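Q: Per the working numbering: the sequence shown = residues 81 to 356. Even for Gly, the Cβ is constructed at its ideal location relative to N, Cα and C. Treat the numbers as computed from the prediction; the structure is a model and nothing was measured.
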Amino acid sequence: MELITFISGIIREAFAKKIILSIFIFFSLILLFIVFAATNDSVAGMLAFLEASEGNADYRSAVIYFETAVVSKIPMFMLIAFYLIIVSSFIPSMLQKGHIDLLLSKPISRTKIIIGHLIAGTSFAFLSTLFLFGIIWIIISSKTGIWHVPFLYSVIWFTFIFLVLYSFVILIGLITKNTVLNILINLILFFPLSWIFYLLTMVTRKGEQFFSFGAVTEFIIKFFYYIFPKPWDLADICESIIKQESIASYQPIITSFLFIGIMLSLSIWYFNKKDY
81 MELITFISGI
91 IREAFAKKII
101 LSIFIFFSLI
111 LLFIVFAATN
121 DSVAGMLAFL
131 EASEGNADYR
141 SAVIYFETAV
151 VSKIPMFMLI
161 AFYLIIVSSF
171 IPSMLQKGHI
181 DLLLSKPISR
191 TKIIIGHLIA
201 GTSFAFLSTL
211 FLFGIIWIII
221 SSKTGIWHVP
231 FLYSVIWFTF
241 IFLVLYSFVI
251 LIGLITKNTV
261 LNILINLILF
271 FPLSWIFYLL
281 TMVTRKGEQF
291 FSFGAVTEFI
301 IKFFYYIFPK
311 PWDLADICES
321 IIKQESIASY
331 QPIITSFLFI
341 GIMLSLSIWY
351 FNKKDY
């Protein structure tokens, strides 16, 4: 009960800071773009492109290609970065003098406070993404006549990508107590750091097709690749799901769950030992 009350308090704080209004405005702009972009002409253009490149494309394939483009890496980065900027103030605001004193005086453990923030932030990302992608799916499907349900699975994958990064946002927020630093550190981790190691790892997988690294360099690349979050790999999996292709590797999913567990454990440990 204390956890539910705490989560509802975070949601009320989001309304008070006009965060929901900001999301509504941002999403409205995206939806306006989709309304004008999702036309039969644009799908026909993609169909022509697919026929030229693959030779056996059909109208349904063109629609799926268009939907995949909607949730590709650049839109993913823009949306998740927007979410991270929005939620980066939650922990520093909680730690402000007076606010943290009042919070710690309530009958709720520090562990539940951290878990509550994780649940509240992830729920916010899930519901926001469900609202946005649900409307986008309806717009595209009604305009094209192709109701491709796997597109909606992207809601789950985008929420998971956010959850991975948000677990680090909470830890950095606890350590720095500064919203601006929290935003900068996490956006730099998101891009370019995780992106660079994603690309470098792709190159090493290709063997010597382009160029090869030394053994030490390759070890360093793989080391940082495995300890950093993998939003770009998860985005690849999301695209594969939409295209109804097989998943090449489950390693990014497994290591992402491990990353969440480690970041959450560190956050709980740090918050419990800190004297406010």
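Pick helix, strand or coil for Q331, following the three-state DSSP scheme.
A: Q331 falls in the helix class under three-state DSSP.
Q: Measuring CB to CB, does K277 end up less than 8 Å from I301?
A: Note on residue identity: the sequence assigns Phe, not Lys, to residue 277. Yes, these two residues count as a Cβ contact at 8 Å.
Q: Expressed to the nearest angstrom, what Euclidean distance is found between the alpha-carbon atoms of F308 and F339?
A: Cα to Cα, F308 sits roughly 8 Å from F339.
Q: Assuming the contact rule is C-beta atoms closer than 8 Å, F343 and F204 should be a hit. Round their C-beta distance to whole Å, please.
A: It is Met, not Phe, that sits at residue 343 in the sequence shown. Not quite, the Cβ-Cβ distance comes to about 18 Å (not below 8 Å), so this is no contact.
Q: Relative to the alpha-carbon of S102, which residue among S208, I171 and M156 has its alpha-carbon at the smallest distance?
A: Of S208, I171 and M156, the residue nearest in Cα terms is S208.
Q: Between the region 83 to 92 and the region 178 to 195, can you find at least three pairs of beta-carbon atoms closer than 8 Å?
A: Output reads yes: the region 83 to 92 touches the region 178 to 195.
Q: Tell me the DSSP secondary structure of F146 in three-state form.
A: Reduced to three states, the DSSP call for F146 is helix.
Q: Look at the Cβ atom of W237, then the Cβ atom of L314, and state whether they are nearer than 8 Å.
A: For W237 and L314, yes; Cβs fall inside 8 Å.
Q: I need the straight-line Cα distance from L279 to T256, nearest angstrom please.
A: About 30 Å.
Q: What do you get for G225, buried or exposed, if any count of 16 or more other CB atoms within 10 angstroms of its CB means buried?
A: Answer is exposed; the Cβ neighbour count stays below 16.
Q: Thinking just about the alpha-carbon of each residue, which of E93, F157 and Q176 is nearest to the one in T259?
A: The candidate whose alpha carbon is nearest that of T259 is Q176.
Q: So, for Y233: in the same chain, excluding its five sequence neighbours on each side, which residues have a beta-carbon less than 8 Å away from its beta-carbon?
A: For Y233, where only same-chain residues beyond five positions count, the Cβ hits under 8 Å are C318, I321 and I322.
Q: Any idea if L182 is buried or exposed, counting beta-carbon neighbours within 10 angstroms, 16 or more meaning buried?
A: L182 is exposed by the Cβ-count criterion.
Q: Taking the C-alpha atoms as reference points, what is the distance between R285 and I91?
A: Near 44 Å, if we compare the C-alpha coordinates of I91 and R285.
Q: Taking just the CA atoms, how far does S274 sit from K310?
A: So the two alpha carbons sit approximately 7 Å from each other.
Q: Whose CA, out of E298, L164, L212 and V229, lies closest to the CA of L198?
A: Comparing Cα positions, the closest option is L164.
Q: What separation, rounded to the nearest whole angstrom, lies between the Cα atoms of K153 and M282?
A: For K153 and M282, the distance between alpha carbons rounds to 15 Å.
Q: Between the C-alpha atoms of P172 and W227, what's the straight-line distance to the nearest angstrom?
A: C-alpha separation (whole angstroms): 43 Å.
Q: Do F231 and E147 count as a contact pair if the criterion is CB distance below 8 Å?
A: Closer than 8 Å, so yes.
Q: Compute the beta-carbon to beta-carbon distance between I215 and L112, rounded to the nearest angstrom, for a pair I have assumed lies under 8 Å.
A: Incorrect: roughly 11 Å between the Cβ atoms, too far for contact.
Q: State the start and end residues of the unbroken alpha helix (DSSP H) segment that holds H197.
A: Its alpha helix (DSSP H) spans residues R190 to T224.
Q: Using alpha carbons as the reference points, say which of I166, I252 and I180 lies closest to L346.
A: Cα-wise, what sits closest to L346 is I252.
Q: Please report the distance separating the alpha-carbon of D355 from that of N262.
A: Near 21 Å, if we compare the C-alpha coordinates of N262 and D355.
Q: Three-state secondary structure (DSSP) at Y356?
A: It is coil, neither helix nor strand.
Q: Got a sec, what are the start and stop residues for the alpha helix (DSSP H) L280 sits in?
A: Looking at the DSSP string, the run of the alpha helix (DSSP H) that includes L280 is S274 to R285.
Q: In its own chain, which residues sit with a C-beta less than 7 Å from the C-beta of Q324, not counting the 5 before and 5 after it?
A: For Q324, where only same-chain residues beyond five positions count, the Cβ hits under 7 Å are P230.
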